[in-house]
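Residue numbers (the numbering used here): 68 to 557.
These notes are about the structure you will find just below.
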Amino acid sequence: MSATDWGLLAQVLLGATLMVLLLADAFLPEGGKRWLAPIAGVGLLGVLLALLSAAGSGLDAPGVNHLLYNKTVSVDSFAVFFQVLFVGLALMVLLLAPSYLERRGIQRGEFYILLVAALGGMMLMVAATSLMTIFLGIELLSISLYILSAFLRQEERSQEAGLKYLLIGGFATGFLLYGMALLFGGTGSTSLSDIAAKLPNLDGDGRLYSLSGIALILVGVAFKASAAPFHAWTPDVYEGAPAPVVAFMSVGTKVAAIAIFLRIFVVDLARAYPRWVLLLGAIAGLSMIVGAVGALRQTNLKRMLAYSGIAHAGYLMLAVVAQKAGMVAGLFYLAAYGVMTFGAFGIVTLLATRDGERSRIDDIRGLGFRRPALGALLALFMLSLAGIPPTVGFAGKLFVFQAAIRAGYIPLAVIGVLSSAVSLYYYLRVVIALYTPPEDSTAAEVESAVRPRRTDPFGTAAVALAGVLTLALGVFPSVLYELAQKASLL
Numbered sequence: 068m069s070a071t072d073w074g075l076l077a078q079v080l081l082g083a084t085l086m087v088l089l090l091a092d093a094f095l096p097e098g099g100k101r102w103l104a105p106i107a108g109v110g111l112l113g114v115l116l117a118l119l120s121a122a123g124s125g126l127d128a129p130g131v132n133h134l135l136y137n138k139t140v141s142v143d144s145f146a147v148f149f150q151v152l153f154v155g156l157a158l159m160v161l162l163l164a165p166s167y168l169e170r171r172g173i174q175r176g177e178f179y180i181l182l183v184a185a186l187g188g189m190m191l192m193v194a195a196t197s198l199m200t201i202f203l204g205i206e207l208l209s210i211s212l213y214i215l216s217a218f219l220r221q222e223e224r225s226q227e228a229g230l231k232y233l234l235i236g237g238f239a240t241g242f243l244l245y246g247m248a249l250l251f252g253g254t255g256s257t258s259l260s261d262i263a264a265k266l267p268n269l270d271g272d273g274r275l276y277s278l279s280g281i282a283l284i285l286v287g288v289a290f291k292a293s294a295a296p297f298h299a300w301t302p303d304v305y306e307g308a309p310a311p312v313v314a315f316m317s318v319g320t321k322v323a324a325i326a327i328f329l330r331i332f333v334v335d336l337a338r339a340y341p342r343w344v345l346l347l348g349a350i351a352g353l354s355m356i357v358g359a360v361g362a363l364r365q366t367n368l369k370r371m372l373a374y375s376g377i378a379h380a381g382y383l384m385l386a387v388v389a390q391k392a393g394m395v396a397g398l399f400y401l402a403a404y405g406v407m408t409f410g411a412f413g414i415v416t417l418l419a420t421r422d423g424e425r426s427r428i429d430d431i432r433g434l435g436f437r438r439p440a441l442g443a444l445l446a447l448f449m450l451s452l453a454g455i456p457p458t459v460g461f462a463g464k465l466f467v468f469q470a471a472i473r474a475g476y477i478p479l480a481v482i483g484v485l486s487s488a489v490s491l492y493y494y495l496r497v498v499i500a501l502y503t504p505p506e507d508s509t510a511a512e513v514e515s516a517v518r519p520r521r522t523d524p525f526g527t528a529a530v531a532l533a534g535v536l537t538l539a540l541g542v543f544p545s546v547l548y549e550l551a552q553k554a555s556l557l
């Protein structure tokens with residue numbers, strides 16, 4: 068089978084998995100919804116094998132680009148790199164979610180169906196070579212996440228998170244769709260390659276419509292990436308949504324959005340790049356500043372990680388600003404961000420009880436004594452997010468900052484370094500809390516706190532795997548860097 072056939076098979080298997088989940092949910096008894104997790108896992112393992120087979124069928128050859136569905140979807144090394152990352156993310160969420168849903172009393176089949184549907188949206192986004200398929204992928208992802216964010220129906224904060232995400236997301240969709248309409252009106256095409264060929268030769272109204280449309284598209288995609296100043300929804304949604312949903316959403320939406328930025332602004336529309344370099348740079352710089360400053364005063368771990376994600380969106384945007392010099396660095400850092408962020412939110416998921424989530428920084432005080440393994444893993448993820456060697460976060464930031472400097476954007480690189488220095492305060496505050504006994508503990512409470520407790524073995528395994536990757540890819544960054552080089556479209 069050719070690489071195109073394997074890529075097509077992966078999409079067929081994903082659709083089949085979704086259909087099987089829908090049927091199984093209809094026939095399984097109310098107490099058997101947990102079985103949907105292994106069913107989804109088996110289907111996604113098939114998707115992963117198909118993608119790996121596609122990657123081994125010549126996609127890494129220079130210039131290979133296989134188009135499907137009337138040239139609206141590409142099975143190329145760039146798309147497969149991210150699709151493997153997304154499927155791996157979904158599989159780890161499937162290990163985390165069942166126990167969490169049982170503890171919270173919300174074991175519903177809709178969770179797994181919506182999770183797979185959102186995965187389909189992400190996979191479509193990174194493979195899209197047409198404005199219409201980009202829009203379809205974004206909406207499939209967004210609608211699924213709107214519902215998942217409000218999945219804790221009994222909690223007001225979760226309902227508020229879903230409603231805010233829906234309203235602000237709908238507003239951003241309006242920008243995105245209107246921008247696509249203007250770009251189509253100016254160029255007469257929805258294909259990214261056709262638009263790239265026509266854009267340099269436009270003048271008059273066509274040029275005005277096209278450049279205005281690209282600016283509006285940038286706004287819509289920046290919302291999905293949680294980049295400032297389009298970030299206002301992020302802290303509230305992250306705080307109110309269920310922890311497994313945030314683990315999936317915080318990684319998937321940001322990685323998919325930055326992947327769209329790389330495909331559109333670095334590859335397809337690079338010839339018109341000087342027209343919006345200032346806008347991209349402004350978004351990158353503002354995101355790093357807003358994220359770092361906003362995280363300083365947070366006492367809730369989920370909100371702190373939300374603002375941290377805004378800062379990381381700025382670091383990732385540096386790769387887009389750096390253009391060709393930043394493509395490989397951007398791919399590396401996107402994978403690194405996915406691993407360490409999933410791990411951090413995975414710990415929050417494991418700490419949740421029937422009464423609620425223990426996501427305040429005070430709630431994790433002394434966790435390193437109560438649950439040494441979880442405490443050590445959370446400390447590792449915090450150090451990696453801060454960029455402390457020898458973690459993968461350090462390597463990712465180093466590559467991105469080097470790319471920005473090589474491309475001549477030294478002021479943005481300086482902002483990135485200063486923002487990263489500020490982040491040491493709020494990341495290390497979490498690490499210190501992990502190994503600080505609660506101030507009001509009696510001797511008996513301290514003894515009880517030190518005694519380890521049982522936890523979810525599958526969820527712990529998923530978080531432990533993230534921890535191993537965080538450290539191993541930091542010690543041996545060349546493994547991931549070589550994969551990023553093969554996946555680069557340049």
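Where a beta carbon is used, it is the ideal one built from N, C-alpha and C, also for glycine.
Please read these numbers as outputs of a predicted model, since none were measured by experiment.
- As a beta-bridge residue in DSSP terms, V142 pairs with H133.
- Around the Cβ of S69, a 10 Å sphere holds fewer than 16 other Cβ atoms; the residue is exposed.
- If you ignore the 5 residues before and after G280, its C-beta comes within less than 6 Å of the C-beta of G246, L249, L250, all in its own chain and listed in chain order.
- Counting every other CB atom within 10 Å of its CB across the protein chains shown gives G307 a total of 16 or more, marking it as buried.
- Taking a C-beta distance under 8 Å as the contact criterion, A533 and F409 qualify as a contact pair.
- Looking at the DSSP output, T420 bridges to G423.
- Taken in chain order, the complete alpha helix (DSSP H) segments of 4 or more residues contained in the stretch 78-130 are 103-122.
- Cβ-Cβ distances below 7 Å link A351 to G381, M384, L385, V388, L479 in the same chain, with the five nearest sequence neighbours on each side left out; the list follows chain order.
- At a Cβ-Cβ threshold of 8 Å, L81 and M190 count as neighbours.
- Of the other Cβ atoms in all chains shown, fewer than 16 fall within 10 Å of the Cβ of I477; this residue is therefore exposed.
- Looking only at R438, A392, L363, the smallest Cα-Cα distance to A471 is reached by A392.
- One thing to note: F315 has its Cβ within 8 Å of the Cβ of L156.
- Non-local beta-carbon contacts of A446 in its own chain, meaning distances under 6 Å to residues more than five positions away in sequence, involve V498, L501 in chain order.
- The Cβ atoms of L452 and A411 sit closer than 8 Å to each other.
- Around the Cβ of D523, a 10 Å sphere holds 16 or more other Cβ atoms; the residue is buried.
- Linking V288 to R170 through their CA atoms gives a straight-line distance of about 35 Å.
- The count of Cβ pairs closer than 8 Å, one atom from the stretch 191-198 and one from the stretch 256-263, reaches three, so the stretches are in contact.
- With contacts defined as CB atoms closer than 8 Å, G99 and A185 fail to qualify as a contacting pair.
- Here the C-alpha atom of I106 lies approximately 25 Å from the C-alpha atom of A122.
- Contact annotation, A529 with E424: C-beta distance approximately 17 Å; criterion of less than 8 Å not satisfied.
- M192 is not a Cβ neighbour of L212, given a cutoff of 8 Å.
- Under the three-state reduction of DSSP, A195 is assigned to strand.
- Beta-carbon to beta-carbon, V489 and A326 are separated by about 27 Å, too far to satisfy the 8 Å threshold.
- Between F149 and V322, the CB-CB gap stays under 8 Å.
- Here N367 is bridged, per DSSP, to R427.
- Comparing C-alpha distances from P296 to each of I235, D272, S317, V535 shows the shortest one belongs to I235.
- For G463 against A403, the beta-carbon gap comes to about 4 Å, under 8 Å, which counts as contact.
- Between P544 and I455, the alpha-carbon positions lie close to 14 Å from each other.
- For V151, same chain residues with a beta-carbon under 6 Å away, outside a window of 5 residues either side, are L118 in chain order.
- DSSP places S258 within a strand segment (E or B) once states are collapsed to three.
- In this structure, L363 keeps its C-beta atom at 8 Å or more from the C-beta atom of Y232.
- Annotation for P311: the continuous alpha helix (DSSP H) segment containing it runs 310-328.
- Counted as a single uninterrupted DSSP element, the alpha helix (DSSP H) harbouring V459 occupies residues 459-473.
- Beta-carbon to beta-carbon, G397 and V459 are separated by about 14 Å, too far to satisfy the 8 Å threshold.
- Three or more Cβ pairs closer than 8 Å define a contact, and the stretch 174-185 falls short of that threshold against the stretch 431-441.
- In this structure, G376 and S317 form a Cβ contact; the two beta carbons are roughly 6 Å apart against a cut-off of 8 Å.
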